[in-house]
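In terms of mature numbering (1 follows the signal peptide of the UniProt record, and there is no 0), the sequence shown is residues -16 to -1, 1 to 398.
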Amino acid sequence: MKTRLLLCLLAALAAADPSVYFKEEFSDGDAWTQRWAESKHKSDYGNFKLTSGKFYGDAEKDKGLQTSEDARFYAMSAKFDSFSNEGKTLVVQFTVKHEQTIDCGGGYVKVFPSTLDQSDMHGDSNYNIMFGPDICGPGTKKVHVIFNYKEKNHLISKDIRCKDDEFTHLYTLIVRPDNTYEVKIDNQKAESGSLEEDWDFLPPKKIKDPDAKKPEDWDERAKIDDPEDKKPDDWEKPEHIPDPDAKKPEDWDDEMDGEWEPPMIQNSEYKGEWKPRQIDNPDYKGKWIHPEIDNPEYTPDSSLYSYKDIGVIGLDLWQVKSGTVFDNFLITDDETFAEKFGTETWGATKDPEKKMKEQQDEEERKKREEEDKDKQEDAEGDEEEEDEEKEEKEEEEEEEEEEEDTDTVPKDEL
């Protein structure tokens, strides 16, 4: 009996354990190079380097892959055991730090099927999911959530704003088997909803009835001209009239200058275009609404969320200004585990990271002040030196003038 109870408890615990399909914290030095493969599709891809960056919360824990060359494409991926998320939640999570104050570049990941040729991965390689921040100028600061469905990439219809500062941020995508999703930034919900409603995977459920036509006598005008209203007889006045006070100049020569015409001025009696007053339209029926019918081409799909083959995660992006650090990659089926993992990694180092950056900024500020002070002192010293040289020169000139005056005095005056 005890043995059976123990087995039941162990089975329950096993069932409760999360499935972690991929986890990468770069905590084993250069061993990451054995897990991540560079694409050879182009010869001039930018290089990733392992570093915690210029500022961090923990020098070791915050190490990640950093883009290191400006104006380059980057393409690198890691493979893991293939799985399907059918009937299960899928969570994709990672951290991004744009410590270079990025102006234009991607910070997203792509999740591929296991059939991807990693050595030939490129921008047109078929992927399952693309997720993460993308920044380019003031106009593009968004979180991409793109799903591949029936060999076509579908973009989310909502605008999710990404973080655009210099610090590390945690991005989480949750896709559930009830065809709902959630996007979290820094473990806080940023957006959520229905896959069917927020992507154009399927044709619309309803369409306008092609056989329905607006009746010819349907009147959508809420107001009409009053047929009883008439324009006053004295309404028509010109907008401009000749200036009655203008006089032909005395030196005006009609033969030479042509016939003189007085300048035109605004007519104070001008009333503008006359329009009849408006009254309620007695035949008004409101705006005609096109009737809708069920779309015969619509077929629901309960498996929008599902991928039969997930086996590679990759960084396939372009950056104008390099310096982005990617870290703490996680693919799992457990939302709670993902949140805990995010708290233990990003959550543990985010405050020390900000503190270190503030200290660096303060040191930089003091350094600039010292440099400005030294420049000012040098400038003042140069100015004093110039003043001294000027005074010496003036004294020399005065002495020379005195000597010349002495030489020119007549002898009988001495």
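We put the CB at the ideal spot given by N, CA and C, even for glycine.
A Cβ-Cβ contact shorter than 8 Å links Phe10 with Asp311. The continuous beta strand (DSSP E) containing Glu22 extends over residues Trp20 to Glu22.
Between the region 327 to 339 and the region 95 to 113 there are fewer than three inter-stretch CB-CB distances shorter than 8 Å, so the stretches are not counted as touching. For Glu328, the enclosing alpha helix (DSSP H) begins and ends at Glu319 to Glu328. Using a Cβ-Cβ distance cut-off of 8 Å, the region 178 to 186 and the region 248 to 267 are not in contact, since fewer than three pairs of beta carbons, one from each stretch, lie closer than that value. Taking C-beta atoms as the reference points, Gly41 and Thr333 count as a pair closer than 8 Å.
Trp272 sits in coil when the DSSP states are folded into three classes, being neither helix nor strand. Nearest C-alpha to Asp293 among Glu370, Thr327, Asp267 and Val95: Val95. The C-beta distance from Ile119 to Ile86 rounds to 5 Å, short enough to fall under 8 Å. Just so you know, the alpha carbons of Ser36 and Asp12 end up roughly 14 Å apart.
Between Lys33 and Gln50, the gap from beta carbon to beta carbon is short of 8 Å. Look at Pro260 here: in three-state DSSP terms it is coil, with no helix or strand label.
Assigned with DSSP and collapsed to three states, Thr283 falls in coil, not helix or strand. Shown here, Thr156 sits in a strand according to DSSP, grouped into three states.
Put simply, of Val304, Arg352, Val159 and Val296 the residue whose alpha carbon is nearest the alpha carbon of Glu175 is Val159. In the structure shown, the three-state DSSP call for Glu386 is helix.
If one requires a minimum length of 4 residues, the alpha helix (DSSP H) runs lying completely within the region 140 to 189 are 179 to 182, in chain order. Inter-residue distance for Leu157 and Glu348 is about 37 Å (C-alpha atoms, whole angstroms).
Glu379 and Glu387 have their alpha carbons spaced roughly 12 Å apart. Scanning its chain for C-beta atoms nearer than 8 Å, with the 5 sequence neighbours on each side dropped, one finds around Lys189 the residues Asp278, Asn279 and Tyr282, in chain order.
According to the DSSP assignment, Asp241 belongs to the alpha helix (DSSP H) that extends over Asp238 to Asp241.
Sequence-distant partners of Asp193 (beyond 5 residues in either direction) whose C-beta falls short of 6 Å from its own C-beta, in its chain, are Pro275 and Ile277.
Excluding its 5 nearest sequence neighbours in each direction, Asp104 has C-beta neighbours in its own chain below 6 Å: His25, listed in chain order. For Val309, the uninterrupted beta strand (DSSP E) run begins and ends at Thr308 to Thr316, by DSSP. Nearest to Gly89 by alpha-carbon distance, out of Lys305, Asp203, Lys38 and Asp235, is Lys305. Per DSSP, Val75 is one residue of the beta strand (DSSP E) stretching across Leu74 to His82.
Just so you know, the alpha carbons of Ser141 and Gln262 end up roughly 42 Å apart. For Thr99, no beta strand (DSSP E) encloses it, and the DSSP letter there is neither H nor E. With fewer than 16 other Cβ atoms inside 10 Å of its own Cβ, Trp272 counts as exposed. In the DSSP annotation of this structure, the continuous segment of the beta strand (DSSP E) that includes Ala62 starts and ends at Arg56 to Phe67.
Under the three-state reduction of DSSP output, Gly107 falls in the coil class, being neither helix nor strand. Per DSSP, Thr85 is not a residue of any beta strand (DSSP E), being assigned neither H nor E. The beta carbons of Phe115 and Val93 sit about 6 Å from each other, so the pair counts as a contact at 8 Å. Across the structure, Leu179 and Arg205 are spaced so that their CA atoms are roughly 40 Å apart.
Taking C-beta atoms as the reference points, Tyr111 and Thr316 fail to come closer than 8 Å.
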